[in-house]
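J.:
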Amino acid sequence: MSPEFSLINKYFNSHKTKVFKGIGDDAALIKKNNDYLWAISTDMLNEKIHFFPGTNPFNLGWKALAVNISDIYAMGGTPKFALLAIALPEIKSLWLKKFSDGLFSCAKKYNVDLIGGDTSKGPLSISICILGEVLKKNVLLRSNAKKNDDIWVTGELGLAALGLANLQKKIKLPQALTKKSIKALEKPMLNDSIIISMSKLSHSAIDISDGFLADLGHILDASKVGADILLKDLPINPWIKNNKLFDMGLTGGDDYQLLFTAPKKNRSKICLVNKKSSIQLTRVGEINDKRSLRIIDDNGKLYKTNTNGFDHFET
Ligand code: ADP
Ligand code: MG
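Note that the working numbering has the sequence shown beginning at 108, numbered continuously upward.
1) Going by the beta-carbon positions, is the gap between Asp405 and Leu308 smaller than 8 Å?
2) Comparing alpha-carbon positions, which option in Met108, Phe127, Pro186 lies nearest Ile303?
3) Looking at C-beta atoms only, is the number of pairs between the stretch 175-194 and the stretch 220-230 that lie closer than 8 Å three or more?
4) If we call anything under 8 Å between Cβ atoms a contact, is Ile394 one with Ala334?
5) Any heavy atom of the ligand MG inside 7 Å of the beta-carbon of Ser385?
6) Confirm the yes/no value for this check: CB of Asp133, any heavy atom of the ligand ADP, distance under 7 Å.
7) Counting only runs of 4+ residues fully inside the stretch 142-173, write out the alpha helix (DSSP H) ranges in chain order.
8) Less than 8 Å between the beta carbons of Ser288 and Leu264, yes or no?
9) Measure the C-alpha to C-alpha separation of His157 and Leu271 and round it to an integer number of angstroms.
10) Using a Cβ-Cβ cut-off of 6 Å (strictly less than) and excluding sequence neighbours within five positions of Asn298, which residues of its own chain qualify?
11) What does the Cβ neighbour count give for His122, buried or exposed, with the cut at 16 atoms within 10 Å?
12) For Ile54, verify whether its CB is less than 7 Å away from any heavy atom of the ligand MG.
13) Just to confirm the assignment, what range does the beta strand (DSSP E) spanning Ile301 have?
14) Could you round the C-beta distance between Asp314 and Ala173 to whole angstroms and report it? I think they count as a contact, below 8 Å.
15) From Asn218 to Glu154, what distance separates their C-alpha atoms?
16) Pull up the DSSP beta-bridge partners for Asn395, would you.
17) Classify Val126 as helix, strand or coil using the three-state DSSP reduction.
18) So, Trp259 versus Leu341, is the Cβ gap smaller than 8 Å?
19) Would you call the stretch 238-245 and the stretch 197-217 touching, i.e. three or more CB-CB distances under 8 Å?
20) Should Ser306 go down as buried or exposed, given a rule of 16 or more other Cβ atoms within 10 Å for buried?
21) Spatial neighbours of Phe367 within its chain, please: C-beta separation below 6 Å, excluding the five flanking residues on both sides.
22) Are the Cβ atoms of Tyr363 and Pro295 separated by less than 8 Å?
23) Within a Cβ cutoff of 7 Å, which residues of the same chain sit near Ile377, ignoring the five residues on either side of it in sequence?
24) Since Gly360 contacts Ala267 with CB under 8 Å, what's their CB separation in whole angstroms?
25) Taking 6 Å as the limit between beta carbons, can you name the residues of its chain near Lys286, skipping five residues before and five after?
26) DSSP beta-bridge partners for Phe188?
27) Output the boundary residues of the alpha helix (DSSP H) element that contains Ile313.
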């Protein structure tokens with residue numbers, strides 16, 4: 108288990124709760140009525156840890172809310188309300204104007220109401236708590252992946268990691284890709300239009316925030332299953348593929364794409380969802396009962412990565 112998850116389990120996951128689902132999924136779930144659950148989650152962005160000083164404040168406001176909304180979508184839910192807790196080192200009006208414009212532009216796009224929060228002085232830190240609702244019969248738990256499920260991924264993998272590597276001056280990209288990858292990192296767009304249909308057709312889901320391998324790993328652990336993935340089928344960004352930097356697509360964080368597992372019988376319906384939407388859905392592999400996660404390369408050999416995905420406390 109990763110240091111981050113060991114810490115959570117040791118110090119914060121030792122007490123039973125009475126809610127429908129407590130710690131361990133993208134959002135906690137609380138009974139709303141016979142048909143619906145409330146989904147509630149919180150995510151924090153800290154300067155120098157999650158973003159560089161000087162990051163475009165509009166994008167920061169957008170991202171702070173978007174990463175939270177993403178966790179509600181990962182449960183198959185609809186985001187509704189948000190609370191914003193923000194620590195600021197000083198009052199800079201222009202920065203605050205741009206930050207709040209970004210925040211509210213994201214809120215408008217995904218239909219979320221900001222209904223409260225807290226403001227304090229301190230090193231720049233933004234924490235949002237999000238509340239959404241989920242139709243109970245369609246809820247997508249990490250623990251519900253089944254043997255023989257297809258594994259589906261939205262969009263492209265590794266684009267945000269490319270943006271980060273570019274900002275860190277670790278790689279040099281063509282100009283158009285520089286722009287596109289930094290935008291993916293700083294202003295993630297979410298897969299809202301397919302959530303309702305995919306929640307009806309899938310068994311489980313997670314949003315890819317820590318990297319494809321790490322996040323698929325969370326589903327496999329929670330569901331006590333394994334998976335085989337074909338490297339050639341993964342929608343890794345073409346530049347990354349061409350440069351054979353596969354680890355970037357497999358373990359790069361911050362993409363906020365969604366991963367679903369769904370029964371094979373729903374394959375044609377999911378292809379139809381894919382066809383009708385502008386969001387790309389790619390079938391990348393299959394769930395099995397072997398309890399291991401295997402990536403198979405073009406020669407049929409096991410592909411080994413050097414890292415597993417993002418962990419705040421990895422040394
Ligand atoms: P995500 O990547 O979807 O935001 P995390 O990996 O951050 O999820 O967290 C995994 C699980 O642990 C979630 O269910 C989250 O609510 C829970 N969790 C994380 N930190 C804490 C904490 N300090 N106290 C209680 N629960 C926590
Ligand atoms: Mg998540």
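Cβ coordinates follow ideal geometry from the N, Cα and C atoms, glycine included.
Predicted model, so just to flag it, every value in this text is computed and none were measured.
T.: This is what the structure holds:
1) Going by beta carbons, Asp405 and Leu308 fall outside the 8 Å limit.
2) Proximity to Ile303 across Met108, Phe127, Pro186 peaks at Pro186, based on C-alpha coordinates.
3) The stretch 175-194 vs the stretch 220-230: in contact.
4) Taking 8 Å as the Cβ cut-off, Ile394 and Ala334 qualify as a contacting pair.
5) Relative to the ligand MG, Ser385 has its C-beta separated by 7 Å or more from all heavy atoms.
6) Yes; taking the cut-off as 7 Å, the Cβ of Asp133 has a heavy atom of the ligand ADP nearer than that.
7) The stretch 142-173 contains no whole alpha helix (DSSP H) run of 4 or more residues.
8) No, they are not a contact pair.
9) Cα-Cα distance, rounded: 11 Å.
10) The residues Thr261, Leu365, Ile386, in chain order, have a CB closer than 6 Å to that of Asn298 in the same chain once the five nearest residues on each side in sequence are set aside.
11) So His122 counts as exposed.
12) Residue 54 lies beyond the range of the chain shown here (108 to 422); nothing can be said about it.
13) Bounds of any beta strand (DSSP E) do not take in Ile301, whose DSSP letter is neither H nor E.
14) The beta-carbon distance between Asp314 and Ala173, rounded to whole angstroms, is 10 Å. This is too long to meet the 8 Å contact definition.
15) So the alpha carbons of these two residues sit roughly 27 Å apart.
16) Asn395 is bridged by DSSP to Gly333.
17) Correct three-state label for Val126: coil.
18) At a Cβ-Cβ threshold of 8 Å, Trp259 and Leu341 do not count as neighbours.
19) The stretch 238-245 makes no contact with the stretch 197-217: fewer than 3 CB pairs, one atom from each, lie closer than 8 Å.
20) Result: buried.
21) Cβ neighbours of Phe367 beyond the five flanking positions: Trp259, Met305, Ser309, Ala312.
22) In this structure, Pro295 lies closer than 8 Å to Tyr363 by Cβ.
23) Closer than 7 Å at the Cβ level, and outside the excluded window around Ile377, lie Trp259, Leu308, Ala369, Leu388.
24) So it is a contact: roughly 7 Å between Cβ atoms.
25) Excluding sequence positions up to five before and after Lys286, its CB lies less than 6 Å from no other CB in the same chain.
26) According to DSSP, Phe188 bridges with Asp220, Leu238.
27) It is not in any alpha helix (DSSP H) - Ile313 instead sits in the beta strand (DSSP E) that spans 311-315.
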